[in-house]
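In my numbering, the protein residues as written are 92 to 721.
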């Protein structure tokens, strides 16, 4: 009798062949055979292994591990005990069934070897893979999904949390194949999905499969739908909970979605993701997936042979670890109000509300016309006359004040291009007027004729002082706008009225008016922990500058295009409207903007195609403020 203990070694934990010392006992050494068999196990292919019937052994091995979801085990030869014409090898198995601590399924099994002529052969049995297995039994791996962390907003209210849903589908154990197909077609029609595609899925599934058709919020399962489902013998509704926002569209482009990981995600990061895992696929859910997802667990069951009468038994379990909460600034009530205001707006639209005291983004809503894109914080469009807030600051720094006289002709020509005021500009507000009047009535020509007073980077610098034009990593997609240095006099003229190459997002325009209200540069934040300081090098906004700007923007409300806000309850408001012409498909169209702020809120509204800022964006902003201040 000879026995040896072998040291762990090799990428697959192949542990054989660690010594050159020959045993004194005569006869062939079983160790090379044991080592070759272990190599074949680690490679998951016994078709060339030293076993009596390699093809049959491989077929049975594949059936045993088919339910392990493609997880590759590490297998090693731990020791070998030889006695006469037989030998027993002890194998060390390690299955990385989940990514968390304690989710490595490790154990030992035995392999019998028999002497055959001048050599040895391994004896295949299911117990080689797992010691408790008998003929006909198989392994089945189930990923245990952790409870995903909540996303919580202002006042600690849940933005995304576990909410009840119904998983609706066909259970093929309830009916025969023909009836399953029949019911699948009827179910697809009842829940509003593609019938042909769903029937194909049901046909392809196994006889014991539950084939999910759709997952609906519990409250979205209407009474007629419920009745239709209950009449189908093959249909099932399974109550479950998944992480959801208060409604399907609630801040959807920003929050993002959660679902099963894609094949690409598994391929790119196999140490983190495994097939069947649930993860964030877009938005904040994707960016903060490491924090939110938690750590998956795993359960491994032994499934008995069909008809054996034995019960499924669990041989390994690693509990999942719950994900952590992500804290954001969104106010659930204000976000809902913002989305309600935009709901009937056909063109692409957005509304952003910021607390000017803290920079907290309280609402970032995208209207239905955006097609699911994040226009609110990442849109790019000419801001039109809302940008005159920036131009006004540049003129103040050039020596003007709100009472300074400026020229407001009906039109003005720059390098052969004629600029005018909007079509219903008040005729009584032309000629020599004050800068305050020019802002209140939004006189384009007054700003254009005053461009010579602004030197060098004066316009860019004024923008930076109001939080415009300098990028920050805020932990979410955010566009802060651009104020390129003009290359021509025409560009310089267009820039002063927020056109040409000047671009902005609704978020940055809310930031501009928030900075005026606060009297200092406001940097917005959405994710707790991502709060940037004002940009270095930007000239701070002074108290006198802020006061002058507020007086001019207040005149917009009292005497100009923002008069609809005059009777809005709550703190006094400042505002600016804006209309920016652009060309699309050969047509000249207009972006409609309006911004406003009080001590409690700074708001920007944008509509991609509108009549004007006051007529299109203005009523939306007014409706939001009235709702917010109820």
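Where a beta carbon is used, it is the ideal one built from N, C-alpha and C, also for glycine.
Query: Hey, how far is the Cα of residue 115 from the Cα of residue 367?; Result: In this prediction, residue 115 has a pLDDT of 43, which is less than 50 and means its spatial position is unreliable; what the coordinates show is noted afterwards. Whole-angstrom Cα-Cα distance: 53 Å.
Query: Could you please give the first and the last residue of the uninterrupted alpha helix (DSSP H) stretch that includes residue 301?; Result: First-last for residue 301: 301–308, but that is the beta strand (DSSP E), not the alpha helix (DSSP H).
Query: For the segment 527–534 and the segment 645–652, state whether three or more C-beta atom pairs, one from each stretch, are separated by less than 8 Å.; Result: yes
Query: So is the beta-carbon of residue 289 under 7 Å away from any non-hydrogen atom of the ligand ZN?; Result: Absence of the ligand ZN from the depicted structure is noted, as is the absence of any ligand whatsoever, leaving it without description.
Query: Relative to the C-alpha of residue 680, which candidate in 340, 635, 701 has its C-alpha closest?; Result: 701
Query: Could you check the C-alpha separation between residue 176 and residue 204 for me, to the nearest Å?; Result: 8 Å
Query: List in chain order: all unbroken alpha helix (DSSP H) runs of 4+ residues lying wholly within the segment 545–609.; Result: 549–556, 580–587, 597–609
Query: Ordered along the chain, which non-local residues of its own chain (more than five positions away) have a Cβ less than 6 Å from that of residue 407?; Result: 196, 391
Query: Is it buried or exposed, residue 426, if we count other Cβ atoms within 10 angstroms and call 16 or more buried?; Result: buried
Query: Give the DSSP bridge partners of residue 673, in chain order.; Result: 680
Query: Roughly how many angstroms lie between the CA atoms of residue 183 and residue 199, to the nearest whole one?; Result: 5 Å
Query: From what residue to what residue does the beta strand (DSSP E) around residue 508 run?; Result: 508–511
Query: Between residue 302 and residue 293, how many whole angstroms is the CB-CB distance? I'm expecting something under 8 Å.; Result: 5 Å
Query: Going along the chain, which residues of its own chain have a beta-carbon closer than 7 Å to the beta-carbon of residue 232, five neighbours each way excluded?; Result: 158, 159, 160, 162, 188, 389, 391
Query: On the DSSP bridge assignment, give the partners of residue 522 in chain order.; Result: 499
Query: For the structure I just gave you, are there three or more beta carbon pairs, one from the segment 465–473 and one from the segment 569–586, closer than 8 Å?; Result: yes
Query: Is the beta carbon of residue 716 less than 8 Å from the beta carbon of residue 686?; Result: no
Query: Helix, strand or coil for residue 257? Go by DSSP, reduced to three states.; Result: strand
Query: Mapping the DSSP letters down to three states, classify residue 158 as helix, strand or coil.; Result: strand
Query: Tell me which same chain residues have a C-beta within less than 7 Å of the C-beta of residue 376, skipping the five on either side of it?; Result: 346, 347, 348, 349, 383
Query: Given a threshold of 16 other Cβ atoms within 10 Å of its Cβ, counted over all protein chains shown, does residue 243 qualify as buried or as exposed?; Result: buried
Query: Classify residue 331 as helix, strand or coil using the three-state DSSP reduction.; Result: strand
Query: Give the DSSP-derived three-state secondary structure of residue 243 in the structure shown.; Result: strand
Query: Using the three-state DSSP reduction, which class does residue 294 fall into: helix, strand or coil?; Result: helix
Query: In this structure, does DSSP put residue 444 in helix, strand or coil?; Result: strand
Query: Suppose contacts are defined by Cβ-Cβ distances below 8 Å. Is residue 385 in contact with residue 239 by that definition?; Result: yes
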